[in-house]
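S.K.: Anchor point for the sequence shown: position 29 equals 45 in the numbering used here, and the numbering is continuous, going up by one each time.
If you scroll down you'll find the structure; I have some questions about it.
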Amino acid sequence: MQFVTAKVGNDGWTAVDKRFNHLQVDGMLLRSRFGKCIGMDGSDDFAMQMFDSLARKRGIVKQVLTKEELKEFWEQLSDQGFDNRLQTFFDMVDKNADGRITGEEVKEIIALSASANKLSKIKERADEYTALIMEELDPDNLGYIELEDLEALLLQSPSEAVARSTTTHSSKLSKALSMKLAPSKDTNPLRHYWQEFAYFLEENWKRIWVVTLWLSICVALFIWKFFQYRNRSVFHIMGYCVATAKGAAETLKFNMALVLLPVCRNTITWIRSKTKVGAVVPFNDNINFHKVIAAGVAVGVALHAGAHLTCDFPLLLHASDEKYEPMKNFFGATRPPNYWWFVKGTAGWTGIVMVVLMSIAFVLAQPWFRRNKLKDTNPLKKLTGFNAFWFTHHLFVIVYALLIVHGTSLYLTNEWYKKSTWMYIAYPVFLYSFERIVRLFRSHDAVKIQKVAVYPGNVLALYMSKPPGFRYRSGQYIFINCRAVSPYEWHPFSITSAPGDNYLSVHIRTRGDWTSRLRTVFSEACRPPAEGESGLLRADLSMGVTDSNAGFPKLLIDGPYGAPAQDYREYDVLLLIGLGIGATPLISIVKDVLNHIQCGGSVGGTEPEASGKAKKRPFMTKRAYFYWVTREEGSFEWFRGVMNEVAEKDKDGVIELHNHCSSVYQEGDARSALIVMLQELQHAKKGVDILSGTSVKTHFARPNWRSVFKRVAVNHENQCVGVFYCGEPFLVPQLRQLSADFTHKTNTKFEFHKENF
17 MQFVTAKVGN DGWTAVDKRF NHLQVDGMLL RSRFGKCIGM DGSDDFAMQM
67 FDSLARKRGI VKQVLTKEEL KEFWEQLSDQ GFDNRLQTFF DMVDKNADGR
117 ITGEEVKEII ALSASANKLS KIKERADEYT ALIMEELDPD NLGYIELEDL
167 EALLLQSPSE AVARSTTTHS SKLSKALSMK LAPSKDTNPL RHYWQEFAYF
217 LEENWKRIWV VTLWLSICVA LFIWKFFQYR NRSVFHIMGY CVATAKGAAE
267 TLKFNMALVL LPVCRNTITW IRSKTKVGAV VPFNDNINFH KVIAAGVAVG
317 VALHAGAHLT CDFPLLLHAS DEKYEPMKNF FGATRPPNYW WFVKGTAGWT
367 GIVMVVLMSI AFVLAQPWFR RNKLKDTNPL KKLTGFNAFW FTHHLFVIVY
417 ALLIVHGTSL YLTNEWYKKS TWMYIAYPVF LYSFERIVRL FRSHDAVKIQ
467 KVAVYPGNVL ALYMSKPPGF RYRSGQYIFI NCRAVSPYEW HPFSITSAPG
517 DNYLSVHIRT RGDWTSRLRT VFSEACRPPA EGESGLLRAD LSMGVTDSNA
567 GFPKLLIDGP YGAPAQDYRE YDVLLLIGLG IGATPLISIV KDVLNHIQCG
617 GSVGGTEPEA SGKAKKRPFM TKRAYFYWVT REEGSFEWFR GVMNEVAEKD
667 KDGVIELHNH CSSVYQEGDA RSALIVMLQE LQHAKKGVDI LSGTSVKTHF
717 ARPNWRSVFK RVAVNHENQC VGVFYCGEPF LVPQLRQLSA DFTHKTNTKF
767 EFHKENF
């Protein structure tokens with residue numbers, strides 16, 4: 017057992033000396049700055065307790081240190097010996113330096129450790145955990161424990177025993193794998209870059225061919241229309257300006273048609289679920305492709321409107337009578353009198369209005385505005401957020417109507433069959449309109465609320481009855497509307513129940529105005545939890561409506577819709593990684609795998625089609641690893657029932673659960689030493705983890721992801737592992753790179769999928 021944080025141990029005296037010189041006042045280091053000086057940031061109270069214990073041992077009573085005294089403190093802290101570290105920790109707890117630790121001193125250090133690790137529940141139960149430690153180390157009820165008692169406990173730690181028993185497991189494979197994954201010294205830069213390029217192509221070939229095809233079509237349409245106008249008489253007046261404007265207009269018509277297809281959710285869900293097209297088309301990137309096309313629209317608008325307004329119209333106004341002669345068929349016998357003539361015409365004002373509306377929608381769709389990241393003092397803050405994004409995006413109805421009018425009022429085209437705007441957009445508009453009508457009818461009836469729970473961390477859990485004929489797959493999501501909050505807003509949430517459950521559930525994290533109001537209206541109708549129940553507030557309507565729950569708001573749902581996680585069943589092994597509330601789609605997968613285990617151990621068997629037909633599809637999954645990382649201890653209450661269910665029913669160990677609390681300092685840090693001890697005692701005596709309240713032991717700090725991938729690769733040679741991640745985007749590059757590294761350098765294949773979060 018190590019007590020001092022790695023930061024304290026590896027900076028070296030040079031770094032500490034440098035910080036001392038920066039923090040000292042008249043050559044003295046204040047007690048309040050001791051933690052910062054030795055590298056223990058963020059735990060001032062704990063650092064000052066360490067200061068007091070080191071000073072007490074040396075008879076120092078002043079609240080400041082000289083550099084020589086600090087160096088003496090440092091030498092003790094950086095001593096890697098077990099006995100020294102044990103003595104240091106013991107001295108921290110032994111406040112009166114009598115060589116004995118009383119129950120009150122244990123309670124105080126428990127509260128201090130809990131505060132340093134932001135574990136409020138452990139702090140609240142300090143009396144209980146003090147009794148647990150004293151019961152273990154003071155069996156004779158002497159009222160105190162001594163150094164040798166603490167040493168005996170640490171040396172017999174269950175985790176140490178487990179570690180020793182598993183050290184040799186797959187050690188040869190692990191060693192060989194480590195050597196293989198070591199960075200190779202390739203002296204040829206060309207070969208290195210070629211290999212990186214090959215890896216990139218292998219991972220992104222679906223995206224590359226789709227974007228290449230799209231760009232090729234755009235370029236072909238531009239060139240075709242450009243040269244068409246290059247050979248017309250108007251070119252002699254307006255030159256390359258008109259050819260550029262018309263080429264851009266042709267790409268605009270194509271992109272305005274195409275931009276609707278990636279948001280036809282029902283169609284995409286049907287195609288990815290019923291066909292094999294997903295093998296070559298990256299449906300998971302539909303929203304990203306929608307954004308790429310929107311960027312193409314922006315470029316087309318800039319070229320088309322810019323060429324017309326700044327070049328074409330001025331050239332025509334200043335053309336000689338001789339050059340204007342061929343233009344009479346388009347603009348009339350009389351030359352347009354001024355620039356305003358073009359602007360106020362049908363083609364002019366419709367084009368300008370479309371540019372304004374599309375600019376507003378484009379700007380408010382950017383993450384900075386859509387996620388309301390502006391400062392509170394910014395006067396534009398009230399004009400941003402999801403509502404602004406949602407309503408301005410629906411200006412597209414006006415834009416498409418104006419586009420048709422604009423396309424039939426062209427200055428340089430008189431034949432109706434050459435006015436092709438409506439031909440481009442007819443089918444996409446019809447398909448999208450049909451989808452919206454289907455959504456309207458499908459979401460007409462409200463679902464029945466069965467249970468509600470409000471959990472720590474501002475999470476609202478809703479359990480609903482399944483609408484008739486509602487079928488879905490784990491990993492998919494639904495849209496929810498609550499008229500009591502807003503009659504028009506629909507928001508997407510991952511389904512956390514499994515297809516085999518007789519209910520439908522979602523867990524919603526409060527992150528904005530709509531979710532805050534939703535939590536409020538449900539919280540007002542909930543009751544405090546009964547003894548033994550989790551959650552802050554609860555309501556159960558499964559037994560019928562009573563006076564206490566009759567006021568619940570009604571919910572409408574729309575879906576289900578396809579998502580990357582729904583493809584989990586195609587893999588032999590699953591590596592599921594969720595950060596915070598990002599665990600929601602992965603919990604559904606865990607429950608579905610568990611349901612297959614319960615059905616006569618049919619993991620690796622078959623599963624029914626989502627359409628309800630008799631046809632069976634193979635259920636490939638034989639092993640699942642679930643890693644859940646969260647900052648708050650209260651988060652474990654969200655899915656406590658699922659973890660208990662897995663521990664109880666998964667007798668063969670098909671599902672391996674790993675909970676990580678990142679607010680707790682990693683094992684080997686002084687601030688988490690007592691928490692580790694408590695966890696081991698609690699788990700050994702009662703089989704319950706002190707953080708999650710389940711039999712699943714919680715790990716501290718974030719996982720070492722390379723070690724996680726390495727372990728999976730060692731355990732599953734020659735198999736395909738589906739890596740599914742849902743959470744904040746900062747972890748995506750690392751997981752994607754690890755998937756590529758282990759795929760190319762081992763015989764285990766890792767395929768990475770990122771859930772839109």
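Backbone N, C-alpha and C define an ideal beta-carbon position, used for all residues, glycine too.
DSSP on Tyr479, reduced to helix/strand/coil?
M.R.: As a position in the sequence shown, residue 479 is number 463, starting the count at 1. It is a strand residue.
S.K.: Between Arg246 and the rest of its own chain, which residues show a CB-CB distance below 7 Å, the 5 nearest in sequence each way excluded?
M.R.: Locating residue 246 in the sequence shown gives position 230, counting from the first residue. Only Ala259 meet the Cβ criterion.
S.K.: For Cys677, which residues from the same chain have a beta carbon less than 7 Å from its beta carbon, with the 5 sequence-adjacent residues on both sides left out?
M.R.: Residue mapping note: residue 677 aligns to position 661 of the sequence shown, counting from 1. The residues are Thr646, Glu649, Leu707, Thr714 and Phe716.
S.K.: Taking the alpha helix (DSSP H) that Ser755 belongs to, which residues open and close that run?
M.R.: Taking the sequence shown and counting its residues from 1, one reaches residue 755 at position 739. Taken as a continuous stretch (DSSP letters only), the alpha helix (DSSP H) holding Ser755 covers Val748 to Lys761.
S.K.: Going straight from the alpha carbon of Ile161 to that of Arg535, what length do you get?
M.R.: For this step, residue 161 is matched to residue 145 along the sequence shown. For this step, residue 535 is matched to residue 519 along the sequence shown. Taking the straight line from one Cα to the other gives about 48 Å.
S.K.: To the nearest angstrom, how far is it from the Cα of Trp654 to the Cα of Ala514?
M.R.: Working through the sequence shown from its first residue, we reach residue 654 at position 638. Working through the sequence shown from its first residue, we reach residue 514 at position 498. Pairing Trp654 with Ala514, the inter-Cα distance amounts to about 16 Å.
S.K.: Using alpha carbons as the reference points, say which of Ala363, Asp705 and Val250 lies closest to Gly423.
M.R.: One-based indexing of the sequence shown puts residue 423 at position 407. With distances taken between Cα atoms, Gly423 lies closest to Ala363.
S.K.: For Phe50, collect the residues of the same chain with a Cβ closer than 6 Å to its Cβ; drop the 5 residues on either side in sequence, then sort them by chain order.
M.R.: Looking up residue 50 in the sequence shown gives position 34. Excluding residues within five positions, the ones whose Cβ falls inside 6 Å are Ala63 and Phe67.
S.K.: Is DSSP giving Gly361 helix, strand or coil here?
M.R.: Reading the sequence shown from its first residue, position 345 is the one you call residue 361. Gly361 sits in coil when the DSSP states are folded into three classes, being neither helix nor strand.
S.K.: Let me confirm a value: Tyr471 is counted as buried when at least 16 other C-beta atoms fall within 10 Å, else exposed. Which label applies?
M.R.: Taking the sequence shown and counting its residues from 1, the one referred to as residue 471 is at position 455. Buried, because 16 or more other Cβ atoms sit within 10 Å of the Cβ of Tyr471.
S.K.: Is the number of C-beta pairs between the stretch 305-318 and the stretch 385-402 that are closer than 8 Å three or more?
M.R.: Too few Cβ pairs lie closer than 8 Å, so no.
S.K.: Can you give the beta carbon distance from Phe642 to Leu690, rounded, assuming they're within the 8 Å contact cut?
M.R.: Reading the sequence shown from its first residue, position 626 is the one you call residue 642. Reading the sequence shown from its first residue, position 674 is the one you call residue 690. Contact between Phe642 and Leu690 is absent: CB atoms are separated by about 28 Å, not below the 8 Å threshold.
S.K.: Three-state secondary structure (DSSP) at Lys770?
M.R.: Here residue 770 corresponds to residue number 754 of the sequence shown, with the count starting at 1. Here Lys770 sits in strand by DSSP.
S.K.: Is Glu672 helix, strand or coil by DSSP?
M.R.: Translated into positions along the sequence shown, residue 672 becomes position 656. Three-state DSSP puts Glu672 in a strand.
S.K.: Answer with buried or exposed for Lys629, where buried requires no fewer than 16 other C-beta atoms within 10 angstroms of its C-beta.
M.R.: Your numbering for residue 629 matches position 613 in the sequence shown. Because the pLDDT at Lys629 is just 44, under 50, the model does not fix this residue reliably, and the value given afterwards should be weighed accordingly. When all chains shown are included, Lys629 counts as exposed.
S.K.: Go to Ser604, then tell me how far its alpha helix (DSSP H) extends in each direction, as first and last residue.
M.R.: Taking the sequence shown and counting its residues from 1, the one referred to as residue 604 is at position 588. That run of the alpha helix (DSSP H) goes Thr600 to Gln614.
S.K.: Note down, in chain order, each residue of its chain lying with its Cβ closer than 6 Å to the Cβ of Ala381, except the 5 sequence neighbours on either side.
M.R.: As a position in the sequence shown, residue 381 is number 365, starting the count at 1. Hits under 6 Å: Phe405.
S.K.: Are the beta-carbon atoms of Pro569 and Ala469 separated by less than 7 Å?
M.R.: Looking up residue 569 in the sequence shown gives position 553. Looking up residue 469 in the sequence shown gives position 453. Going by C-beta atoms, Pro569 is not nearer than 7 Å to Ala469.
S.K.: Looking at the unbroken alpha helix (DSSP H) that takes in Tyr256, where does it start and where does it end?
M.R.: The count along the sequence shown starts at 1 and reaches residue 256 at position 240. That run of the alpha helix (DSSP H) goes Tyr256 to Leu274.
S.K.: Comparing the CB of Trp644 with every heavy atom of the ligand ADP, is any distance shorter than 6 Å?
M.R.: As for the ligand ADP, it is missing from this structure, which has no ligand bound.
S.K.: Let me know the secondary structure DSSP gives His507 once reduced to three states.
M.R.: Start at 1 with the first residue of the sequence shown, and residue 507 comes out as number 491. Collapsing the DSSP output to three states places His507 in a strand.
S.K.: Measure the beta-carbon distance from Phe270 to Ile233 and round it to whole angstroms, keeping in mind my assumption that it falls under 8 Å.
M.R.: Locating residue 270 in the sequence shown gives position 254, counting from the first residue. Locating residue 233 in the sequence shown gives position 217, counting from the first residue. Confirmed, about 7 Å.
S.K.: So, with DSSP's three-state summary, where would you put Ser186?
M.R.: As a working mapping, residue 186 is identified with position 170 in the sequence shown. Because the pLDDT of Ser186 is 49, which lies under 50, any placement of that residue in the model is unreliable, and the question is left without a value.
S.K.: So, with DSSP's three-state summary, where would you put Lys15?
M.R.: There is simply no residue 15 to check, as the chain begins at 17 and stops at 773 in what is shown.
S.K.: Please work out which residues of its chain come closer than 6 Å, Cβ to Cβ, to Glu176, disregarding the five sequence neighbours upstream and downstream, and give them in chain order.
M.R.: By one-based count along the sequence shown, residue 176 stands at place 160. Only weak support exists for where Glu176 lies, its pLDDT of 44 falling under 50; the coordinates are left without a value.
S.K.: To the nearest angstrom, how far is it from the Cα of Leu3 to the Cα of Trp230?
M.R.: Since the displayed the chain opens at 17 and closes at 773, residue 3 lies outside it and no answer follows.
S.K.: Could you tell me the distance, in whole angstroms, from the CA atom of Leu81 to the CA atom of Asp99?
M.R.: In the sequence shown, counting from the first residue as 1, residue 81 sits at position 65. In the sequence shown, counting from the first residue as 1, residue 99 sits at position 83. The alpha-carbon atoms of Leu81 and Asp99 are separated by roughly 25 Å.
S.K.: Out of Met343, Leu418, Thr531 and Trp721, which one is the CA nearest neighbour of Arg752?
M.R.: In the sequence shown, counting from the first residue as 1, residue 752 sits at position 736. Arg752 has its Cα closest to that of Trp721, out of Met343, Leu418, Thr531 and Trp721.
S.K.: Would you mind reading off the limits of the alpha helix (DSSP H) that contains Asp143?
M.R.: Translated into positions along the sequence shown, residue 143 becomes position 127. Residues Ala142 to Leu153.
S.K.: Is the stretch 589-599 close to the stretch 733-741, with three or more CB pairs under 8 Å?
M.R.: yes
S.K.: Consult DSSP for Ile706 and reduce its assignment to one of helix, strand or coil.
M.R.: By one-based count along the sequence shown, residue 706 stands at place 690. Three-state DSSP puts Ile706 in coil, outside helix and strand.
S.K.: Assuming Arg656 and Thr710 make a contact with CB atoms under 8 Å, what is their CB distance in whole Å?
M.R.: To locate residue 656, count along the sequence shown from 1; it is residue 640. To locate residue 710, count along the sequence shown from 1; it is residue 694. So it is a contact: roughly 6 Å between Cβ atoms.
S.K.: Using the rule of at least 16 other Cβ atoms within 10 Å of the residue's Cβ for burial, across every protein chain shown, is Gly578 buried or exposed?
M.R.: As a first step, residue 578 is located in the sequence shown; it is residue number 562 there, counting from the start. Buried.
S.K.: From what residue to what residue does the beta strand (DSSP E) around Val468 run?
M.R.: On the sequence shown, residue 468 is found 452 positions in, with the first residue counted as 1. Where Val468 is concerned, the enclosing beta strand (DSSP E) stretches over Ile465 to Tyr471.
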